[in-house]
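Contents: one structure, followed by commentary.
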Amino acid sequence: MPPQSSGADAGPCPNSPVFRTGSEPTLSPAVVRRVSSDARAGEALRGSDSQLCPKPPPKPCKAPLLKAPPSPSPWLNSEANYCELNPACAPGCDGGARLPLGAQDSYVELLTAKQNGTAGPRNSGTNYLILDEDDRARAQEPPAAAETDRGQDSGDEFVRPLLETTSSFRPNDFESKLLPPENKPLETAMLKRAKELFTSHDPKVIAQHMLSVDCKVARILEVSDEMRKNMGVSSGLELITLPYGHQLRLDIIERHSTMAIGIAVDILGCTGTLEDRAATLNRIIQVAVELKDSMGDLYSFSAIMKALEMPQITRLEKTWTALRRQHTQSAILYEKQLKPFSRVLHEGRESTCVLPNNVSVPLLMPLVTLMERQAVAFEGTDMWEKNDESCEIMMNHLATARLMAEAAGSYRLNAERILEGFQPDEEMSEIFKTEFQMRLLWGSKGAQVNQTERYEKFNQILTVLSRKLEPPPVKQVEL
Numbered sequence: 249m250p251p252q253s254s255g256a257d258a259g260p261c262p263n264s265p266v267f268r269t270g271s272e273p274t275l276s277p278a279v280v281r282r283v284s285s286d287a288r289a290g291e292a293l294r295g296s297d298s299q300l301c302p303k304p305p306p307k308p309c310k311a312p313l314l315k316a317p318p319s320p321s322p323w324l325n326s327e328a329n330y331c332e333l334n335p336a337c338a339p340g341c342d343g344g345a346r347l348p349l350g351a352q353d354s355y356v357e358l359l360t361a362k363q364n365g366t367a368g369p370r371n372s373g374t375n376y377l378i379l380d381e382d383d384r385a386r387a388q389e390p391p392a393a394a395e396t397d398r399g400q401d402s403g404d405e406f407v408r409p410l411l412e413t414t415s416s417f418r419p420n421d422f423e424s425k426l427l428p429p430e431n432k433p434l435e436t437a438m439l440k441r442a443k444e445l446f447t448s449h450d451p452k453v454i455a456q457h458m459l460s461v462d463c464k465v466a467r468i469l470e471v472s473d474e475m476r477k478n479m480g481v482s483s484g485l486e487l488i489t490l491p492y493g494h495q496l497r498l499d500i501i502e503r504h505s506t507m508a509i510g511i512a513v514d515i516l517g518c519t520g521t522l523e524d525r526a527a528t529l530n531r532i533i534q535v536a537v538e539l540k541d542s543m544g545d546l547y548s549f550s551a552i553m554k555a556l557e558m559p560q561i562t563r564l565e566k567t568w569t570a571l572r573r574q575h576t577q578s579a580i581l582y583e584k585q586l587k588p589f590s591r592v593l594h595e596g597r598e599s600t601c602v603l604p605n606n607v608s609v610p611l612l613m614p615l616v617t618l619m620e621r622q623a624v625a626f627e628g629t630d631m632w633e634k635n636d637e638s639c640e641i642m643m644n645h646l647a648t649a650r651l652m653a654e655a656a657g658s659y660r661l662n663a664e665r666i667l668e669g670f671q672p673d674e675e676m677s678e679i680f681k682t683e684f685q686m687r688l689l690w691g692s693k694g695a696q697v698n699q700t701e702r703y704e705k706f707n708q709i710l711t712v713l714s715r716k717l718e719p720p721p722v723k724q725v726e727l
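The sequence shown begins at 249 in the working numbering and counts up one residue at a time.
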């Protein structure tokens with residue numbers, strides 16, 4: 249008989265039916281799964297090991313065993329497993345065991361400590377579910393008190409900005425040296441006095457007075473600490489870009505429109521000779537040149553250009569002809585420089601023709617008009633909105649607004665440098681204040697009326713004045 253080999257050297261193949269015996273594990277599938285599972289969990293039993301005292305299994309995980317909702321399907325992507333919200337269980341833990349969300353950090357620290365061969369931090373799952381007394385008390389505090397406490401801890405108390413609901417222009421409370429306590433719209437004596445002040449000063453001095461008032465209205469200069477605290481920012485150029493800057497935007501629209509109407513009245517109110525109107529038009533153009541070149545006040549510059557481009561002014565053909573004949577240089581400046589420059593500004597391309605160091609008050613109207621279109625409208629759409637590239641132009645204005653808010657400090661420094669040593673005249677400063685212009689144009693009672701209604705009615709008045717100066721040609725009816 250051939251010698252029989254030992255079971256350890258020539259064990260029968262489990263898959264072969266020839267060498268299968270009654271004690272073979274293949275006859276008991278449940279035993280196969282148990283043995284294979286034991287082989288993965290610990291070391292396989294060897295012939296020299298005692299069958300009665302096998303090697304003890306690994307100790308279970310000390311993390312709290314909390315059952316999480318079973319995953320609908322296992323993720324095959326390793327990157328997806330990395331982003332999984334539920335952390336994987338530790339080695340040796342049950343496959344359904346999950347850590348609570350609050351204990352994820354402690355579990356990561358535990359794994360890191362195991363890899364480094366050091367004892368990990370001893371954590372308790374309940375520590376992540378209970379707030380300490382200080383945190384619990386802080387959570388019950390009102391938001392304002394919590395903000396104040398945080399401000400005191402950091403040494404800088406946070407104050408919520410003030411939402412302004414009333415205009416800074418109060419015509420009836422305005423103390424004037426030129427106007428009586430109550431006045432009617434367009435009083436002749438007041439118009440004559442304002443015109444005398446306008447014509448008796450140099451165009452550069454006039455531009456300085458306009459810049460000085462503009463900087464106060466736009467809150468570029470003379471901004472107190474209390475005003476900064478109420479605004480939440482350091483300049484009005486930042487405030488007009490914020491949602492709660494609604495009232496300041498309305499005030500800027502009010503001043504711009506009132507100034508444009510006042511300039512138009514200055515031209516249309518010249519009931520004298522044609523040469524007088526041409527001289528007034530010439531002086532206004534000279535002031536616009538000073539605002540553009542010397543002052544860098546693009547806000548008032550755009551108001552003058554808006555007045556000169558009103559249909560009630562552009563239709564005065566005799567007046568413009570007299571300007572070209574008597575003041576040729578001003579007419580050329582207006583046609584060749586001012587009008588193209590204004591067009592570039594309103595198309596959002598001012599960066600191509602304006603140096604930032606020369607600007608004290610940027611162009612504000614496109615931005616505030618876009619943000620307040622539903623609230624105030626004057627003479628329909630603006631010039632740039634009739635362009636075929638109006639969407640791109642709008643995006644340019646919004647991008648310029650962000651740059652304007654960031655450079656608010658630079659505009660303030662430019663304005664201080666330009667107005668250094670300037671001594672304003674009281675009466676001259678008064679005629680460029682918005683409250684004075686509102687009282688002069690609409691009277692003490694009409695100045696309190698809604699903006700849109702005031703503008704619509706005065707637009708009709710300007711049309712009547714324009715047709716009175718230069719009546720439209722009479723059409724001859726053919727028989």
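Here a beta-carbon is modelled for each residue, glycine too, at the ideal position from N, C-alpha and C. From a predicted model like this one, the values you see are computed outputs, not experimental measurements.
Integer-rounded CB distance, given that S542 should sit under 8 angstroms from P604: Rounded, the Cβ-Cβ distance is 16 angstroms, inconsistent with contact.
Go to I488, then tell me how far its alpha helix (DSSP H) extends in each direction, as first and last residue. From DSSP, I488 is part of no alpha helix (DSSP H); its letter is neither H nor E.
In chain order, each alpha helix (DSSP H) run of at least 4 residues that lies wholly inside the segment 644-689: If we require 4 residues or more, the alpha helix (DSSP H) runs fully inside the segment 644-689 come out as 656-666 and 674-679.
Cutting at 7 angstroms between CB atoms, please list the residues of its own chain near A649, excluding the five before and the five after it. Around A649, the same chain offers T489 and L615 as residues with beta carbons nearer than 7 angstroms, after the five sequence neighbours per side are excluded.
To the nearest angstrom, how far is the alpha carbon of I533 from that of K587? Using only the alpha carbons, I get a separation of about 11 angstroms.
Exposed unless 16 or more other CB atoms sit within 10 angstroms - verdict on P451: It is buried - the Cβ of P451 has at least 16 other Cβ atoms within 10 Å.
Specify the secondary structure class of E718 as computed by DSSP and reduced to three states. If DSSP states are grouped into helix, strand and coil, E718 belongs with coil.
Can you tell me whether DSSP reads D499 as helix, strand or coil? Helix at D499.
Determine the direct distance from the alpha carbon of M479 to that of I679, and round the result to whole angstroms. Annotation: I679 to M479 spans about 28 angstroms, alpha carbon to alpha carbon.
Just the Cα atoms here: how many angstroms apart are L529 and I511? Here the C-alpha atom of L529 lies approximately 10 angstroms from the C-alpha atom of I511.
Could you name the residues of the same chain whose beta carbon sits closer than 6 angstroms to that of A695, not counting the 5 residues immediately before and after it, in chain order? So the list reads P419, M686 and R687, once near-sequence residues are dropped.
Using the Cα positions of R525 and G517, report the straight-line distance between them to the nearest angstrom. Our two residues, R525 and G517, have alpha carbons roughly 9 angstroms apart in a direct line.
Where does S714 land, buried or exposed, given buried means 16+ other C-beta within 10 angstroms? With 16 or more neighbouring CB atoms inside 10 Å of its own CB, S714 falls in the buried class.
Same chain, Cβ closer than 8 angstroms to M438, five either side skipped, listed in chain order: Here the set comprises L426, L427, N431 and L688.
Proximity of R660 and S483 at Cβ, strictly below 8 angstroms: Yes, they are a contact pair.
By how many angstroms is the C-alpha of L556 removed from the C-alpha of G691? The C-alpha of G691 lies about 24 angstroms from the C-alpha of L556.
To the nearest whole angstrom, what separates the beta carbons of A656 and L485, a pair I think is in contact under 8 angstroms? Rounded to the nearest angstrom, the Cβ distance from A656 to L485 is 4 angstroms, consistent with a contact under 8 angstroms.
Simplified DSSP state of V513, which is helix, strand or coil: Of the three classes helix, strand and coil, the one that applies to V513 here is helix, per DSSP.
Kindly identify the DSSP beta-bridge partner or partners of D545. Beta-bridge analysis with DSSP links D545 to V609.
Measure the Cβ-Cβ separation of L611 and L546 and say whether it is below 8 angstroms. Cβ atoms of L611 and L546: closer than 8 angstroms.
For N478, which three-state DSSP category applies? Here N478 carries a helix assignment [DSSP, helix/strand/coil].
Just the C-alpha distance for E620 and N644, rounded to the nearest angstrom, thanks. Taking the CA atoms as reference points, E620 sits about 17 angstroms from N644.
Count the C-beta pairs between the segment 564-579 and the segment 592-599 that are closer than 8 angstroms, then say yes if the count reaches three, no if not. Between the segment 564-579 and the segment 592-599, the count of Cβ pairs shorter than 8 angstroms is below three; the stretches do not touch.
Does the CB of F417 have a neighbour CB from chain D at under 8 angstroms? No chain D is part of this structure, which consists of one protein chain only.
With 16 other CB atoms within 10 Å as the buried threshold, where does R665 fall? Per the 10 Å Cβ criterion, exposed.
Please determine, among R476, F549 and T414, the residue with the shortest C-alpha to C-alpha distance to D462. Sorting R476, F549 and T414 by C-alpha distance to the C-alpha of D462 places F549 at the top.
How would you call S472, buried or exposed, if buried means at least 16 neighbouring beta carbons within 10 angstroms? With fewer than 16 other Cβ atoms inside 10 Å of its own Cβ, S472 counts as exposed.
Pair within 8 angstroms by beta-carbon distance, E675 and L434: For E675 and L434, no; Cβs fall outside 8 angstroms.
Simplified DSSP state of M558, which is helix, strand or coil: It is coil, neither helix nor strand.
Note down, in chain order, each residue of its chain lying with its Cβ closer than 7 angstroms to the Cβ of M652, except the 5 sequence neighbours on either side. Taking C-beta separations shorter than 7 angstroms and ignoring five residues to either side along the sequence, the partners of M652 in its chain run L485 and P610, following chain order.
Status (buried if at least 16 other CB within 10 Å, exposed otherwise) for S578: Buried: at least 16 other Cβ atoms inside 10 Å.
Would you report the Cα separation of S608 and F670, rounded to the nearest angstrom? Each residue's alpha carbon lies about 15 angstroms from the other.
From this set, I641, Q560 and T447, which residue's C-alpha is nearest V712's C-alpha? Per the Cα distances, Q560.
E735 versus Q699: straight-line alpha-carbon distance, rounded: The structure shown does not extend to residue 735, since the chain spans only 249 to 727, so no value can be given for it.
Tell me the rounded alpha-carbon separation between P719 and K477. Their backbone Cα atoms lie some 55 angstroms apart in a straight line.
To the nearest angstrom, report how far apart K681 and E405 are at their CA atoms. Answer to the nearest angstrom: the Cα atoms are 36 angstroms apart.
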